[in-house]
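The sequence shown: position 592 = 592 (the UniProt record's numbering), numbered continuously.
Cβ coordinates follow ideal geometry from the N, Cα and C atoms, glycine included.
No experiment lies behind these values; they were computed from the predicted model shown.
In what follows, a structure is listed as structure tokens, so that the remarks can point back to it.
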Amino acid sequence: MDLRKVSLATLPGVGPKRLESLQSLGIENVYDLLFYFPFRYEDMEAKSLDEATDQEKILLKGVVASDPVVFRFGYKKNRLNVRLLVENESIMVTFFNQPWLKDKFETGSDVAVYGKWNQNRRALTGVKVIDVNNDDSIDSVYSVNKNIHQKTLINLIKLAFEKYHDQIDTVVPEFLREKYKLLNDEQIVAGVHFPKDAEQSDEARRSAKFREFFLFQCGLQSIKLNDNQGNVGIIEGYDKTFIEKFIQDLPFTLTPAQDRVVKEILSDMDSDHHMNRLLQGDVGSGKTIVSVIAMLASVTAGYQAAIMAPTEILAQQHFDKISKLLAPLKIRTALLTGSQTKKEHDFITSDIADGKTNIIVGTHALIQEGVDYKNLGLIVIDEQHRFGVNQRKAMRQKGENPDVLAMTATPIPRTLAITTYGDMDVSRIDQLPAGRKKIETYWIRSQKIEQMYQFVDKELSTGAQVYVVTPLISESEKMDLKNAELIYDKFTELFGKKYKIGLLHGQMPNDQKESVMNDFSDKKIDVLVSTTVIEVGVDVPNASVMVIYDANRFGLSQLHQLRGRVGRGEKQSYCILIADPKNETALERMKILTSTNDGFVLAEEDLKMRGAGDMLGNRQSGLPEFKVGNPVNDINILEVAQEEAKRLFEDEKLMNSPETETLKSFISDEFDQLNNFD
1 MDLRKVSLAT
11 LPGVGPKRLE
21 SLQSLGIENV
31 YDLLFYFPFR
41 YEDMEAKSLD
51 EATDQEKILL
61 KGVVASDPVV
71 FRFGYKKNRL
81 NVRLLVENES
91 IMVTFFNQPW
101 LKDKFETGSD
111 VAVYGKWNQN
121 RRALTGVKVI
131 DVNNDDSIDS
141 VYSVNKNIHQ
151 KTLINLIKLA
161 FEKYHDQIDT
171 VVPEFLREKY
181 KLLNDEQIVA
191 GVHFPKDAEQ
201 SDEARRSAKF
211 REFFLFQCGL
221 QSIKLNDNQG
231 NVGIIEGYDK
241 TFIEKFIQDL
251 PFTLTPAQDR
261 VVKEILSDMD
271 SDHHMNRLLQ
281 GDVGSGKTIV
291 SVIAMLASVT
301 AGYQAAIMAP
311 TEILAQQHFD
321 KISKLLAPLK
331 IRTALLTGSQ
341 TKKEHDFITS
351 DIADGKTNII
361 VGTHALIQEG
371 VDYKNLGLIV
381 IDEQHRFGVN
391 QRKAMRQKGE
401 NPDVLAMTAT
411 PIPRTLAITT
421 YGDMDVSRID
431 QLPAGRKKIE
441 TYWIRSQKIE
451 QMYQFVDKEL
461 STGAQVYVVT
471 PLISESEKMD
481 LKNAELIYDK
491 FTELFGKKYK
501 IGLLHGQMPN
511 DQKESVMNDF
521 SDKKIDVLVS
531 TTVIEVGVDV
541 PNASVMVIYD
551 ANRFGLSQLH
561 QLRGRVGRGE
571 KQSYCILIAD
581 PKNETALERM
591 KILTSTNDGF
601 VLAEEDLKMR
611 GAGDMLGNRQ
621 SGLPEFKVGN
631 PVNDINILEV
641 AQEEAKRLFE
651 DEKLMNSPET
661 ETLKSFISDE
671 FDQLNNFD
């Protein structure tokens with residue numbers, strides 16, 4: 001039976017008001033109730049006083065030694081004291097604001113009390129009284145709100161299980177349950193809600209985690225399959241000889257990782273499947289040249305290609321690089337941004353619509369009304385997490401289902417790659433070009449800032465350029481953080497007579513920002529004081545020093561992105577972090593960053609320390625709200641679930657077998673996008 005279609009009103013005691021209370025927890029039907037799992041357990045195994053540790057929550061069993069007494073103090077406040085004899089020792093038990101428990105204690109009777117143990121006072125602050133004959137060694141604890149109590153919710157779950165336990169459909173196919181020794185859904189519900197001991201709850205939760213991850217991955221696979229079957233891709237039969245010669249004629253050799261990724265992308269483009277691929281690579285790993293090869297391949301197949309960047313500075317940089325690389329090939333490129341004059345805009349868009357322009361580089365201006373493409377075959381979206389879903393969708397709608405290559409220099413942890421980008425094929429450039437020197441990273445406290453000034457002076461004297469990054473633009477009364485304007489004044493005071501100091505921040509007009517960046521690129525500015533607007537993509541090979549104020553205010557991945565602005569030339573590069581960490585987490589962040597240059601390692605650590613919401617922004621994280629599994633802590637189960645979901649969806653015979661009928665029905669209803677396998 002599909003319990004998602006069974007009303008909660010079928011349970012005794014559930015009227016309109018109780019129904020509303022359950023809905024406030026997101027419980028809409030009997031299925032939701034049965035799979036509303038506890039978030040933790042309390043150990044109900046009675047402990048001896050010798051085993052108890054200070055402030056530990058424990059269960060004590062004893063005999064009531066005296067009548068309980070209720071003391072009242074303040075408005076609606078009271079304290080219930082009762083003395084128990086536990087292992088021949090007199091123990092005072094205190095309950096706050098639960099006077100009704102007085103009736104539970106009768107002198108000479110056996111009782112069991114759960115609460116927090118105070119070792120020094122040899123006393124217990126009681127939480128609840130337990131049935132002394134209760135055999136369960138652990139108690140389930142649920143996330144509730146003011147609308148419904150723990151006890152009420154537990155009783156309703158018990159009622160639902162008693163009534164419907166034999167009608168709970170198992171969605172994970174039997175061959176997978178046998179392979180991984182997993183419980184069926186009825187056993188999962190029983191074991192998670194009503195475990196007799198920790199071993200039973202662990203076994204049930206392991207099965208529940210796999211089930212949850214597996215269903216999610218099946219949903220992603222169904223969306224991906226639906227996309228491939230419903231949207232036949234463009235077959236970009238590119239000129240292989242031409243592309244091979246272009247790669248051979250490059251002034252550098254592709255790394256093995258770049259070569260592998262190029263093959264994956266070109267294989268997609270040459271097939272009738274719609275390409276939806278994410279290219280992730282650490283800072284400086286060479287993603288741009290890979291995207292140029294892909295766009296050139298699209299052009300040789302008779303199509304147009306476009307690359308969309310999040311900022312005008314980055315778009316201009318891409319345009320300059322691409323134009324230079326393709327100049328000998330007579331490939332027509334164009335730059336389209338929002339700051340161009342109407343005359344420039346009209347001229348460029350006219351050539352795009354006529355098909356005279358082969359490769360178009362731009363910002364969100366590429367998706368504006370009035371920008372029409374003759375035959376768009378490939379879209380490259382750079383720093384794709386900077387664009388919203390609607391912007392990416394609008395870009396795809398500019399052509400007849402063009403192939404999509406999304407790129408990011410923000411290293412994506414395995415967890416997010418599997419969840420947030422689970423419907424995409426992922427390519428990864430996991431090595432840097434040969435000869436690239438490791439950036440030396442140092443952390444100093446603010447009282448040693450004079451050492452930083454001396455170091456910067458020494459580097460400037462060798463002709464190096466310096467980035468100085470701060471979290472704020474101007475002074476803030478709320479936070480004592482160094483700000484860009486103050487630091488600009490300080491650096492001007494120290495170095496302004498010999499060197500040119502520049503200032504850059506997000507509130508400047510675009511043309512002013514572009515002018516400052518161009519001056520820095522042209523070595524007209526020696527020290528650039530900036531907010532994090534320089535975080536993504538900016539390429540100034542002569543810049544070899546990065547100074548970051550209040551580094552503890554940034555996440556690991558963001559610090560790594562900032563560090564990646566240097567180390568792009570032949571000079572030895574340095575990153576100096578200035579921070580006064582106030583806690584262990586911030587201190588650990590500094591230690592990790594100074595110990596490794598591997599962005600993927602840092603991304604994993606960042607996710608563990610901050611969580612997906614903080615790391616990418618709550619609205620952008622894309623990490624689903626899993627009820628049982630934790631994608632970070634349970635990454636191994638998540639990866640196995642992904643592999644099995646992929647394998648299952650690739651096996652058409654198995655997907656059409658009776659064994660997967662329940663699974664298909666569940667996913668079809670849950671995701672509402674599963675196509676017909678028959």
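Is R79 helix, strand or coil by DSSP?
Note: R79 maps to strand in three-state DSSP.
Can you find the residues in the same chain that come closer than 8 Å, C-beta to C-beta, to K646, ignoring five residues on each side of it along the sequence?
Answer for K646: Q217 and Q221, listed in chain order.
Hey, how far is the Cα of E588 from the Cα of T441?
Their Cα atoms are separated by approximately 15 Å.
Nearest-angstrom beta carbon gap, S544 and S573 [assumed within contact, 8 Å]
Right, the Cβ-Cβ distance comes to about 4 Å (below 8 Å), so this counts as a contact.
Can Y467 and L528 be called in contact, C-beta distance under 7 Å?
In this structure, Y467 sits near L528, with a CB-CB distance shorter than 7 Å.
Have a look at L432, I247 and V141 and flag the residue whose alpha-carbon is nearest the alpha-carbon of I293.
The shortest Cα separation from I293 among L432, I247 and V141 belongs to I247.
Per DSSP, what kind of secondary structure is K498 in: helix, strand or coil?
In the three-state reduction of the DSSP assignment, K498 falls in the coil class.
For a test of the three-state rule: what should DSSP assign to A305, helix, strand or coil?
Look at A305 here: in three-state DSSP terms it is strand.
Bridge-paired residues (DSSP) for G115:
Among the bridge pairs identified by DSSP, G115 is matched with I58 and G126.
Are I130 and Y41 touching if we call contact CB-CB under 7 Å?
Pairing I130 with Y41 gives a Cβ-Cβ distance that is not under 7 Å.
Secondary structure at A46, three-state DSSP: helix, strand or coil?
Residue state, collapsed to three classes: strand.
Is K478 helix, strand or coil when you go by DSSP?
Its pLDDT being 45, under 50, K478 is placed unreliably in this model, and the coordinates cannot settle the point.
For the region 312 to 398, which segments carrying the beta strand (DSSP E) assignment without a break, of at least 3 residues, lie completely within its bounds, in sequence order?
Taking only runs of at least 3 residues, the beta strand (DSSP E) segments lying wholly in the region 312 to 398 are 333 to 336, 359 to 362 and 376 to 382.
With DSSP as the reference, label F216 as helix, strand or coil.
Note: F216 maps to helix in three-state DSSP.
Burial state of M407 (16 or more Cβ within 10 Å)
By the C-beta density criterion, M407 is buried, having at least 16 other C-beta atoms within 10 angstroms.
Touching by the beta-carbon criterion (3+ pairs, under 8 Å), the region 508 to 521 and the region 308 to 324
Judged by Cβ distances under 8 Å, the region 508 to 521 makes contact with the region 308 to 324, as three or more pairs qualify.
Going by C-alpha to C-alpha distance, which of D457, M508, N483 and E485 sits closest to F495?
Of the candidates D457, M508, N483 and E485, D457 places its Cα closest to the Cα of F495.
Locate the beta strand (DSSP E) running through Q280, then write down its first and last residues.
Going by DSSP, Q280 is part of the beta strand (DSSP E) stretching over N276 to G281.
Is the Cβ-Cβ distance between T337 and A309 less than 7 Å?
No, the pair does not count as a contact, with Cβ atoms beyond the cut-off.
Taking the beta strand (DSSP E) that Q465 belongs to, which residues open and close that run?
Q465 -> beta strand (DSSP E) spans Q465 to V469.
Quick check: what's the CA-CA separation for N630 versus T419?
One C-alpha to the other measures close to 12 Å.
What do you get for Q465, buried or exposed, if any count of 16 or more other CB atoms within 10 angstroms of its CB means buried?
With 16 or more other Cβ atoms from the protein chains shown falling within 10 Å of its own Cβ, Q465 counts as buried.
By the three-class DSSP mapping on this structure, what secondary structure does Y549 have?
Three-state result, Y549: coil.
What are the partner residues of R40, as DSSP defines its beta bridges?
For R40, DSSP records a beta bridge to V141.
Chain-order list of residues whose beta-carbon lies under 6 Å from that of W443 (same chain, five-residue window excluded):
Excluding five sequence positions before and after W443, the CB atoms of its chain that fall closer than 6 Å to its own CB belong to L577, M590 and T594, given in chain order.
Nearest to L638 by alpha carbon, out of H149, S140, D2 and E212?
Nearest neighbour of L638 by Cα position, chosen from H149, S140, D2 and E212, turns out to be E212.
What is the DSSP secondary structure of E643, reduced to helix, strand or coil?
E643: helix per DSSP, three-state reduction.
Determine the direct distance from the alpha carbon of L405 to that of N276, and round the result to whole angstroms.
Going by the C-alpha atoms only, they are around 6 Å apart.
Taking G370 as the reference, give the member of L378, F347, N358 and G377 with the closest Cα.
Ranking the options by Cα distance to G370, first place goes to F347.
If you draw a straight line from the C-alpha of S90 to the C-alpha of D197, how long is it?
Spanning the two alpha carbons is a distance of roughly 29 Å.
Just to confirm, are P411 and F626 a CB contact at a threshold of 7 Å?
For P411 and F626, no; Cβs fall outside 7 Å.
Straight-line CA distance for E643 to I635?
The straight-line gap from Cα to Cα measures roughly 12 Å.
For R4, I'd like the list of residues in its chain whose CB is within less than 6 Å of its CB, leaving aside the five on either flank, ordered along the chain.
Within the same chain, and ignoring the five residues on either side of R4 in sequence, the residues whose Cβ sits closer than 6 Å to its Cβ are N29 and Y31.
Give every residue of the same chain whose Cβ lies closer than 6 Å to the Cβ of K240, excluding the five residues on either side of it in the sequence, and list them in chain order.
So the list is empty, once near-sequence residues are dropped.
Quick check on V292: does DSSP put it in helix, strand or coil?
Helix at V292.
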